[in-house]
Amino acid sequence: MESIGIFVLIVVVGLAAAGISYYLKQKRRQELELMARQLGLTYSAHDTEGCLGLPFVLLTKGDGRGTENVLSGTWQDMPVREFDYWYYEESTDSKGHRSKTYYRFSCAVAEIDAACSSITIDREGLLTRIADAIGLDDIRFELEEFNDEFNVKSKDRRFANDFVDQRMMRFLLGTDRAFEFEACGRWLLCHSKRRRPMELVPLLGTLKAFREHVPKVVYELYGPGESR
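Listed below in structure tokens is the structure:
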């Protein structure tokens, strides 16, 4: 009898959790749709723009991943897409039980008239410092303050040094620590942990400023016709 009671309790808790999850998902969709209208953008609950296929390192992480809640259009004269992205990592405990750990992000992307090599500009943290300690070095720059704050990786060191010039470094140092960056091909990415709909304007604003700080030499040396 006790086991039946436990089973019923588990079912009730599971249904309650599912109900709460559904409510929060629908609430987020409604708030994002409202925010899209306020920003002059189009909203889609599903990724009809193919955002998951964009060539960023972030979008390849985990054992499974997905995109949803896409805002697209032109914001302050900049064509842009903003979307929710998630990925999960699977793990197995000592008893063979499998579990998934989810990571959720808000992403904003824009295009430039250049063909960038893949470059990631992440914040320094415990994991990146461990990676540096075992020889997975990031690219170092002449500004030590920047090296202490950011972990930059690219297979093309020449491009990285052209892309991250003094002006770009000063800009990045002035950004909110919540934001990290990527460039690949004609695409730029600014992302953070999942943000509330009312918090999307700083994300879009930071992406716009990131785009405006791309050095002129990048357009001159790495034009869209160049083979990268």
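Residue 48 in the numbering used here sits at position 57 of the sequence shown, with consecutive numbering throughout. We treat Cβ as the ideally placed atom computed from N, Cα and C, and that holds for glycine.
Ignore the nearest five residues each way along the sequence and tell me which others in F220's own chain have a CB closer than 8 Å to its CB.
No statement about residue 220 is possible, as the shown extent of the chain runs from -8 to 219 and does not include it.
Does the distance from the CB of L95 to the CB of D75 come in under 9 Å?
The sequence position of residue 95 within the sequence shown is 104, counting from 1. The sequence position of residue 75 within the sequence shown is 84, counting from 1. Checking the displayed sequence, the identity of residue 95 turns out to be Arg instead of Leu. For R95 and D75, yes; Cβs fall inside 9 Å.
List the endpoints of the continuous alpha helix (DSSP H) containing R56.
Residue mapping note: residue 56 aligns to position 65 of the sequence shown, counting from 1. Unbroken run through R56 is the beta strand (DSSP E), 55 to 66; no alpha helix (DSSP H).
Reference T197; option with closest CA among D113, D139, A99:
By one-based count along the sequence shown, residue 197 stands at place 206. Nearest option by C-alpha distance: A99.
Status (buried if at least 16 other CB within 10 Å, exposed otherwise) for E171
Translated into the one-based positions of the sequence shown, residue 171 becomes position 180. When all chains shown are included, E171 counts as buried.
Please report the distance separating the alpha-carbon of T92 from that of D147.
For the purposes of this step, residue 92 is taken as residue 101 along the sequence shown, with counting starting at 1. For the purposes of this step, residue 147 is taken as residue 156 along the sequence shown, with counting starting at 1. Cα-Cα distance, rounded: 32 Å.
For R185 and L50, the rounded distance between their alpha carbons
Residue numbering aside, residue 50 sits at position 59 when the sequence shown is read from its first letter. Residue numbering aside, residue 185 sits at position 194 when the sequence shown is read from its first letter. A straight line joining the alpha-carbon of L50 with that of R185 spans about 14 Å.
Any 3 or more C-beta pairs closer than 8 Å across the stretch 21 to 34 and the stretch 151 to 158
Proximity of the stretch 21 to 34 to the stretch 151 to 158 falls short of the contact definition, fewer than three beta-carbon pairs being nearer than 8 Å.
Closer than 7 Å by C-beta to L195: which residues in its own chain qualify, once you throw out the five before and the five after it? Chain order, please.
Numbered from 1 along the sequence shown, position 204 holds the residue referred to as residue 195. Around L195: W66, V71, E73, A99.
Under a three-way DSSP split, which group does L134 fall into?
Position 143 of the sequence shown, counted from the first residue, corresponds to residue 134. It is coil, neither helix nor strand.
Taking only runs of the beta strand (DSSP E) that begin and end inside the stretch 84 to 114, which ones reach a length of at least 3 residues, in chain order?
Those beta strand (DSSP E) runs which fall completely within the stretch 84 to 114 and span 3+ residues are 89 to 114.
Touch check for the stretch 175 to 191 and the stretch 103 to 115: three-plus C-beta pairs under 8 Å?
Under the three-pair Cβ rule at 8 Å, the stretch 175 to 191 counts as touching the stretch 103 to 115.
I'd like to confirm the pairing. Which residues does DSSP put opposite D75 in its beta bridges?
The residue you call residue 75 lines up with position 84 of the sequence shown. Paired residues: E59, S97.
What are the start and end residues of the beta strand (DSSP E) that includes Y210?
Looking up residue 210 in the sequence shown gives position 219. From DSSP, Y210 is part of no beta strand (DSSP E) but of the alpha helix (DSSP H) over 207 to 212.
Tell me the residue span of the alpha helix (DSSP H) that contains V192.
Taking the first residue of the sequence shown as position 1, residue 192 is located at position 201. 191 to 203 is the span of the alpha helix (DSSP H), which, as asked, contains V192.
At the level of alpha carbons, what is the spacing between R187 and M159?
The residue given as residue 187 occupies position 196 in the sequence shown. The residue given as residue 159 occupies position 168 in the sequence shown. If you take the alpha carbons of R187 and M159, they lie about 28 Å apart.
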